[in-house]
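Protein chains in written order, with this note's numbering: chain F, 1 to 182; chain V, 1001 to 1178.
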């Protein structure tokens, strides 16, 4: 009887110490659904990652979000990612953000896309692109991947922008998941 | 109804026993960031034989995380029933005591992203065991023991060990049992 009791204690103690904590089990259960929005991409080989619990976000207080905005000419889906190093934005003009590829190209005057520790990168030249591939848009959450080729803004005088080496900022292996749409 | 029963039990404990304090340490996976924990609990035994007691224990444990002052950590409120077996068959000396019970309330507070605190609430079934030595100093009964406890819920487990020097309390005196 004593040996059986000792055996049971050893089995229960050993088993329990090998299990993850209750908090970790609950968090892992959450991240398998849409409870966590996440972002990952590389800037000229430098990895940037961000994740946030959806419950901690709102349209007024967010880190990874997409805003559906209707205006006279149509509908924009404005992605706004606030990373530890800076902001990444991209607007897709479409009536319905179905799974597929959406490409924005650079144009004269330029459009801000990304800043990395106060160095700003634009869609400034025709060779600059931001390519978003939407893989899922369900129940108000969007997932996909992206890449970009941008040009750094090096000077600004009045309304005139000065740019550096065209396409000098290369963003690769970008993925985003469970981004809430507000 | 359950709250009324618990209140009656706690009121009975307050009449029959004194609250006791212990230090404890979380053990297991990802517990290295936990500091020393503290607990306050009520425990008393009811002799069922010359050498054995049925025990009832209820308490509160708080384990703080070393998280630069965010105040995160885990709190537990276990309720356990146990059977204490003394090896000398006289109700004192060395003993072992398996326990089982239910965690009435558990919460782990975490600050994951530097902005908000997430509170994870849980309950869970409890398995525990103690080994110790009951002795008296000038007729004052003391219980020096090492205790291991594990709470299972949501697919995970919270575990801790406790080293305590407790007042050994009983609902009735052992000589009455003979």
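Every residue, glycine too, gets a C-beta built ideally from N, C-alpha and C.
Closer than 9 Å at the beta carbon, the chain B residues around residue i
| i | result |
| --- | --- |
| residue 20 (chain F) | You won't find chain B in this structure, because its protein chains are F and V. |
Rounded distance between the beta-carbons of residue j and residue i, thought under 8 Å
| i | j | result |
| --- | --- | --- |
| residue 1044 (chain V) | residue 1080 (chain V) | Not a contact, Cβ separation roughly 12 Å. |
| residue 91 (chain F) | residue 76 (chain F) | 5 Å |
| residue 149 (chain F) | residue 167 (chain F) | 4 Å |
| residue 1142 (chain V) | residue 1165 (chain V) | 6 Å |
| residue 26 (chain F) | residue 1154 (chain V) | 5 Å |
| residue 1118 (chain V) | residue 53 (chain F) | 7 Å |
| residue 1095 (chain V) | residue 1062 (chain V) | Residue 1095 (chain V) to residue 1062 (chain V), Cβ: 27 Å. No contact. |
Three-state class that DSSP yields for residue i in the structure shown
| i | result |
| --- | --- |
| residue 35 (chain F) | coil |
| residue 1030 (chain V) | coil |
| residue 3 (chain F) | helix |
| residue 1157 (chain V) | strand |
| residue 1053 (chain V) | strand |
| residue 1048 (chain V) | coil |
| residue 165 (chain F) | coil |
| residue 116 (chain F) | strand |
| residue 1119 (chain V) | strand |
| residue 97 (chain F) | coil |
| residue 73 (chain F) | coil |
| residue 28 (chain F) | helix |
| residue 23 (chain F) | helix |
| residue 135 (chain F) | strand |
| residue 1129 (chain V) | strand |
| residue 1178 (chain V) | In this predicted model, residue 1178 (chain V) has a pLDDT of only 43, less than 50, meaning its place in the structure is not dependable; the value taken from the coordinates is given anyway. Looking at residue 1178 (chain V) - three-state DSSP - the assignment turns out to be coil, as it is neither helix nor strand. |
| residue 1166 (chain V) | strand |
| residue 89 (chain F) | strand |
| residue 1063 (chain V) | strand |
| residue 83 (chain F) | coil |
| residue 1039 (chain V) | strand |
| residue 15 (chain F) | helix |
| residue 127 (chain F) | coil |
Assigned exposure category for residue i - 16 Cβ within 10 Å defines buried
| i | result |
| --- | --- |
| residue 157 (chain F) | exposed |
| residue 37 (chain F) | buried |
| residue 1159 (chain V) | buried |
| residue 1047 (chain V) | buried |
| residue 1082 (chain V) | buried |
| residue 96 (chain F) | exposed |
| residue 110 (chain F) | buried |
| residue 1053 (chain V) | buried |
| residue 11 (chain F) | exposed |
| residue 1084 (chain V) | buried |
| residue 132 (chain F) | buried |
| residue 1145 (chain V) | buried |
| residue 16 (chain F) | buried |
| residue 73 (chain F) | exposed |
| residue 1130 (chain V) | buried |
| residue 55 (chain F) | exposed |
| residue 23 (chain F) | buried |
| residue 107 (chain F) | exposed |
| residue 1157 (chain V) | buried |
| residue 41 (chain F) | buried |
| residue 1139 (chain V) | exposed |
| residue 79 (chain F) | buried |
| residue 94 (chain F) | exposed |
| residue 6 (chain F) | exposed |
Sequence-distant residues of the same chain with beta carbon closer than 7 Å to residue i, five excluded per side
| i | result |
| --- | --- |
| residue 1036 (chain V) | 1023, 1025 |
| residue 1152 (chain V) | 1124, 1125 |
| residue 1092 (chain V) | 1086, 1134, 1135 |
| residue 43 (chain F) | 116, 169, 171 |
| residue 1065 (chain V) | 1033, 1034, 1072, 1073 |
| residue 154 (chain F) | 162, 163, 164 |
| residue 14 (chain F) | none |
| residue 9 (chain F) | none |
| residue 1122 (chain V) | 1106, 1153, 1154 |
Close-in-space but distant-in-sequence residues of the same chain around residue i (CB under 6 Å, 5 per side omitted)
| i | result |
| --- | --- |
| residue 83 (chain F) | 48, 50 |
| residue 1108 (chain V) | 1074, 1120 |
| residue 45 (chain F) | none |
| residue 1077 (chain V) | 1060, 1104, 1105 |
| residue 88 (chain F) | 81, 114 |
| residue 1015 (chain V) | Per-residue confidence for residue 1015 (chain V) stands at a pLDDT of 45, beneath the threshold of 50, marking its modelled position as unreliable; the derived number appears in the next sentence. Result list for residue 1015 (chain V): empty, nothing under 6 Å. |
Beta-carbon proximity list for residue i, same chain, < 8 Å, skipping 5 on both sides
| i | result |
| --- | --- |
| residue 160 (chain F) | none |
| residue 152 (chain F) | 119, 120, 121, 122, 163, 164, 165, 168, 169 |
| residue 57 (chain F) | 37, 63, 64, 65, 180 |
| residue 138 (chain F) | none |
| residue 1178 (chain V) | Bear in mind that a pLDDT of 43 at residue 1178 (chain V), under 50, signals an unreliable position, so the number given afterwards is only what the model happens to contain. Cβ neighbours of residue 1178 (chain V) beyond the five flanking positions: 1050. |
| residue 135 (chain F) | 99, 143, 144, 145 |
| residue 59 (chain F) | 65, 67, 182 |
Contact the stretch 143 to 155 of chain F vs the stretch 169 to 178 of chain F: 3+ CB pairs below 8 Å: yes
Three or more C-beta pairs below 8 Å linking the stretch 51 to 70 of chain F and the stretch 112 to 132 of chain F: no
Any 3 or more C-beta pairs closer than 8 Å across the stretch 1083 to 1103 of chain V and the stretch 1134 to 1153 of chain V: yes
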